[in-house]
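In order, the protein sequences belong to chains E and C. Each residue of the first sequence is one higher than the one before, counting from 1 in the numbering used here. Each residue of the second sequence is one higher than the one before, counting from 1001 in the numbering used here. Ideal Cβ placement from N, Cα and C applies to all residues, glycine included. Below is one structure; the comments refer to it alone.
2 protein chains.
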Amino acid sequence: MSLHEIYGSGNLRDMDEQLVVDTWHYVLGRHAKAMCALERELGDRHGLGPSEFEVLDRIVHHDRKLRIQELCEEVHLSQSALSRVVARLEKASLVSRGVCDADRRGVFVCITDEGRSRHAEALPTQRAVLTEIFADTPIPAH
Amino acid sequence: MSLHEIYGSGNLRDMDEQLVVDTWHYVLGRHAKAMCALERELGDRHGLGPSEFEVLDRIVHHDRKLRIQELCEEVHLSQSALSRVVARLEKASLVSRGVCDADRRGVFVCITDEGRSRHAEALPTQRAVLTEIFADTPIPAH
DNA sequence: CGACATTAAATGCGCTTGCATTAGATGTGC
DNA sequence: GCACATCTAATGCAAGCGCATTTAATGTCG
């Protein structure tokens, strides 16, 4: 169904609903495809899962140590899942955890040199995968 | 960064990449939000998980019995995951499985009356959740 | 016909996730 | 100061997923 047909139908409620459902199917399809490809490519080439990469990416993007809490707002993971991702990254020496002096409940996560270079290696792979999947139908900037 | 700035930058490669990454973040965010809400609402109100609902929805949409294989192409699940979803649905008496006469390796999945009415109950809930999440920034029809 | 590759669906297994809870640190009110 | 609510991060636990494998049926080729 084309945009013209939708808007020309005269039934805005149906149009909205159809558009919403189409959007959901788009999101479902691309998410599945991208996640699957990222898991394979990042895993095979760089030994990283999508969540591990995303956490490294957020830290590199901010270019400073972050609190677990801050990361939690940016990555789409529950607090417990994030806690475990950080634990795996620490085990792999890609980040280090340190207690926060100001609030001793908090935990800072610092990226290590090894973490930084691993991220730099993996970044082109991630971009290539995403470009492969989204280049044809990106969302025109919200 | 605005669309104008992007297009005005003169570097189409960077623009493309930024658009692709923005699209990925859009997909990640909406997928997480929608999945979480669907899991909660469909689960609490109708005793269905998102995968269970999706499978019922595909069968209702086609309005006939489908082979596992056919469902596999439409649902974003691995063959093994789908096999288990169908097993759960059968346990809940929402579908029934039957061997295919033509190819006795194959399995047909039929929706039951109970499955049909459960789907009908759940559909408005699903639509409400999706509208809540996508009404503001749907994708203008690809 | 008979051995071997192929296909469909189910199952073993390990991993990641979210929910609920816990342990420890910090804030609040009397 | 002290009891109690709140907050942060970690952990026990069960559920769902994908990969690899298995079981059974079907094709294929000599």
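- I1111/C to D16/E span [Cα, whole Å]: 28 Å
- Query: Between F134/E and chain C, is there a C-beta pair that is closer than 7 Å?
  - Reply: yes
- Using a C-beta to C-beta distance shorter than 9 Å, which residues of chain E count as neighbours of G1049/C? Near G1049/C there are no residues of chain E at all, since even the closest Cβ is about 14 Å away, more than 9 Å.
- Identity of the residues DSSP links to G98/E by a beta bridge: F108/E
- Message: Could you tell me the alpha carbon to alpha carbon distance between G1115/C and E1090/C, rounded to whole angstroms?
- Response: 9 Å
- So, H1076/C versus A32/E, is the Cβ gap smaller than 7 Å? yes
- Message: Can you pull the chain E neighbours of T1131/C, defined as C-beta to C-beta under 8 Å?
- Response: D16, E17, V20
- Message: Measuring alpha carbon to alpha carbon, tell me which residue in D136/E, A122/E, R127/E is nearest L42/E.
- Response: A122/E
- Item | Interface partners of A34/E on chain C, CB under 8 Å | W1024, V1027
- Query: Can you give the Cα-Cα distance for E1039/C and G1047/C, rounded to whole angstroms?
  - Reply: 9 Å
- Given a limit of 7 Å on CB to CB distance, which residues of the stretch 43-72 of chain E reach chain C? none
- Alpha carbon to alpha carbon, how far is H1062/C from G1106/C? 18 Å
- Nearest-angstrom Cα separation, counted from S1117/C out to I151/E: Because residue 151/E is not part of the residues shown, which for chain E are 1 to 142, the question remains open.
- Looking only at C-alpha atoms, which of A37/E, R45/E, S78/E, A34/E sits nearest to V55/E? S78/E
- Item | R127/E: contacting residues in chain C (beta-carbon distance under 7 Å) | E1017
- Message: Counting C-beta neighbours from all protein chains within 10 Å, is the total for R30/E 16 or more, i.e. buried, or is it exposed?
- Response: buried
- Message: Quick test of the definition: if touching needs 3 or more C-beta pairs under 8 Å, does the stretch 67-76 of chain E touch the stretch 95-106 of chain E?
- Response: yes
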